[in-house]
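Residue numbers (my numbering): 2 to 300.
Glycine residues also receive a C-beta, built at the ideal position from the N, C-alpha and C atoms.
For reference, the structure discussed in these notes is given below.
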Amino acid sequence: MLAGSPKSAKLPTFSAPPGGALSDDMLAAFHASGVLVLDSFVSVSECASLKARALKLVDDFDLRDVKSVFSTTDQTQLDDRYFIESGDKICFFLEKDAFDSTGNLRQAKENSLNKMGHAMHDLDPVFDRFSRTPALAEIAKRIGFDDPAIIQSMYIFKPPRIGGEVVCHQDSTYIYTEPESCVGFWFALEDATIDNGCMHFIPGGHRLPLKQRNRRVSETELSTDVLDAEPWPEHLKLPAEAKAGTLVIFNGRAPHLSGPNRSDKSRHAYTLHVIDRACHYPPENWLQRSPDLPLRGFV
Ligand code: FE2
Numbered sequence: 002m003l004a005g006s007p008k009s010a011k012l013p014t015f016s017a018p019p020g021g022a023l024s025d026d027m028l029a030a031f032h033a034s035g036v037l038v039l040d041s042f043v044s045v046s047e048c049a050s051l052k053a054r055a056l057k058l059v060d061d062f063d064l065r066d067v068k069s070v071f072s073t074t075d076q077t078q079l080d081d082r083y084f085i086e087s088g089d090k091i092c093f094f095l096e097k098d099a100f101d102s103t104g105n106l107r108q109a110k111e112n113s114l115n116k117m118g119h120a121m122h123d124l125d126p127v128f129d130r131f132s133r134t135p136a137l138a139e140i141a142k143r144i145g146f147d148d149p150a151i152i153q154s155m156y157i158f159k160p161p162r163i164g165g166e167v168v169c170h171q172d173s174t175y176i177y178t179e180p181e182s183c184v185g186f187w188f189a190l191e192d193a194t195i196d197n198g199c200m201h202f203i204p205g206g207h208r209l210p211l212k213q214r215n216r217r218v219s220e221t222e223l224s225t226d227v228l229d230a231e232p233w234p235e236h237l238k239l240p241a242e243a244k245a246g247t248l249v250i251f252n253g254r255a256p257h258l259s260g261p262n263r264s265d266k267s268r269h270a271y272t273l274h275v276i277d278r279a280c281h282y283p284p285e286n287w288l289q290r291s292p293d294l295p296l297r298g299f300v
């Protein structure tokens, strides 16, 4: 059982250490909570550069090529070849409410997208540089990776007014290794607040069982096995409000969620998921990469 959180409780938050040299206190907090918030890990100008690059990629793609909506509430991506084949590409996924009843976008293209993924870190030079820094390599080493590999990148738009809810989940459900090794690195590129749908975590929830396992059952179909039907203790969740430049690191078992964005402000974020190459990566995981794009770590 998890202990209840007093109203004043806060996720473990520190100023980003120089060079990613996590202190013993930071490591202890990460291992106890399953999540660690590091303020000012990257500069506001680095955030702005990554955002500008993302918007250029958005500008360059043709909306007619996008056939996919990403929704954790409707699970539309469970039958979606475009999504299943996106692990080694740069693909675009629309918000569920992007279109009005006449089939036209309600908002500008960049304010209609849910996310872009899942291999910008290997295919785009600006994302590559942002994703591979000595400080990130040092963090990965200090949290226990022997041979880290960046398996996935996602640019999350969380657009104003229509940004979709993300229901409580564990990322190891989707990025499963044996033994489990997934860790998420989440960068706030814009200020994330309760108002614009910041992430929430259940501190200590990484000690709960893995509740679901997502599997690829065919080239066009995914399924989710329920391993533990016990509901999440969501009353224990704490917000991860974050200024642009904040890095949140979280265990692949750490339960997290985010509310819808009904505000007038977008909440852009960038996420990397890292696994240890020493662990077995099952062929039934949805995300598979071409041998032409081998996994790389932080260097
Ligand atoms: Fe997640």
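**Study point:** Meets three-Cβ-pair contact criterion under 8 angstroms: the stretch 122-131 and the stretch 255-265
**Key:** Three or more beta-carbon pairs separated by less than 8 angstroms are not found between the stretch 122-131 and the stretch 255-265, which leaves the two stretches without contact.
Check your understanding: With respect to 6 angstroms, is the separation between the Cβ of residue 81 and the closest non-hydrogen atom of ligand 1 below this value?
Key -> In this structure, residue 81 has its beta carbon at no less than 6 angstroms from each heavy atom of ligand 1.
Point to revise | Residue(s) in a DSSP beta bridge with residue 216 | key: 224.
Exercise for review: Since I believe residue 150 is in contact with residue 275 (beta carbons under 8 angstroms), could you give me their beta-carbon distance rounded to a whole number of angstroms?
Suggested key: Contact holds; Cβ gap of about 7 angstroms.
Check your understanding: Roughly how many angstroms separate the alpha carbons of residue 109 and residue 130, rounded to a whole number?
Key -> CA-to-CA, the gap between residue 109 and residue 130 works out to about 28 angstroms.
Practice item. Would you check whether ligand 1 has a heavy atom nearer than 6 angstroms to the C-beta of residue 172? Key: Checking the Cβ of residue 172 against ligand 1 gives yes.
**Study point:** Inter-residue Cα distance where the pair is residue 171 and residue 29
**Key:** Cα to Cα, residue 171 sits roughly 21 angstroms from residue 29.
Check your understanding: Any idea what DSSP makes of residue 122, helix, strand or coil?
Key -> Residue state, collapsed to three classes: helix.
Exercise for review: Return helix, strand or coil for residue 183, following the three-state DSSP convention.
Suggested key: Shown here, residue 183 sits in coil according to DSSP, grouped into three states, outside any helix or strand.
Point to revise | Backbone CA spacing between residue 197 and residue 266 [nearest angstrom] | key: Residue 197 and residue 266 have their alpha carbons spaced roughly 6 angstroms apart.
Point to revise | Beta-bridge pairing of residue 249 - partner residues as DSSP gives them | key: As a beta-bridge residue in DSSP terms, residue 249 pairs with 38 and 187.
Exercise for review: Would you tell me roughly how many angstroms separate the C-alpha atoms of residue 295 and residue 9, rounded to the nearest one?
Suggested key: Rounded to the nearest whole angstrom, the C-alpha separation of residue 295 and residue 9 is 45 angstroms.
Practice item. Starting from the Cα of residue 36, find the closest Cα among 225, 251, 95 and 293 and give me that residue. Key: The residue with the shortest Cα to Cα distance from residue 36 is 251.
Exercise for review: State the start and end residues of the unbroken alpha helix (DSSP H) segment that holds residue 55.
Suggested key: Where residue 55 is concerned, the enclosing alpha helix (DSSP H) starts and stops at 45-61.
Check your understanding: When the Cα atoms are used, what is the spatial distance from residue 288 to residue 184?
Key -> If you take the alpha carbons of residue 288 and residue 184, they lie about 15 angstroms apart.
Practice item. Run through the stretch 76-150 for me and flag every whole beta strand (DSSP E) of 3 or more residues, listed as ranges in chain order. Key: Listed in chain order, the complete beta strand (DSSP E) runs (minimum 3 residues) inside the stretch 76-150 are 91-95 and 114-119.
Review point. Are the beta-carbon atoms belonging to residue 282 and residue 194 less than 7 angstroms from one another?
Key: In terms of Cβ geometry, residue 282 and residue 194 do not form a close pair [threshold 7 angstroms].
**Study point:** Inter-residue spacing [alpha-carbon to alpha-carbon] between residue 20 and residue 136
**Key:** Rounded to the nearest angstrom, the two C-alpha atoms are 4 angstroms apart.
Review point. Cα separation between residue 115 and residue 24?
Key: Straight across, the Cα-Cα distance linking residue 115 with residue 24 is about 35 angstroms.
Practice item. To the nearest angstrom, report how far apart residue 233 and residue 271 are at their CA atoms. Key: In this structure, the straight-line span from the alpha carbon of residue 233 to that of residue 271 is close to 25 angstroms.
Review point. Do you know how far the Cα of residue 263 is from the Cα of residue 202?
Key: Straight-line Cα distance between these residues: approximately 20 angstroms.
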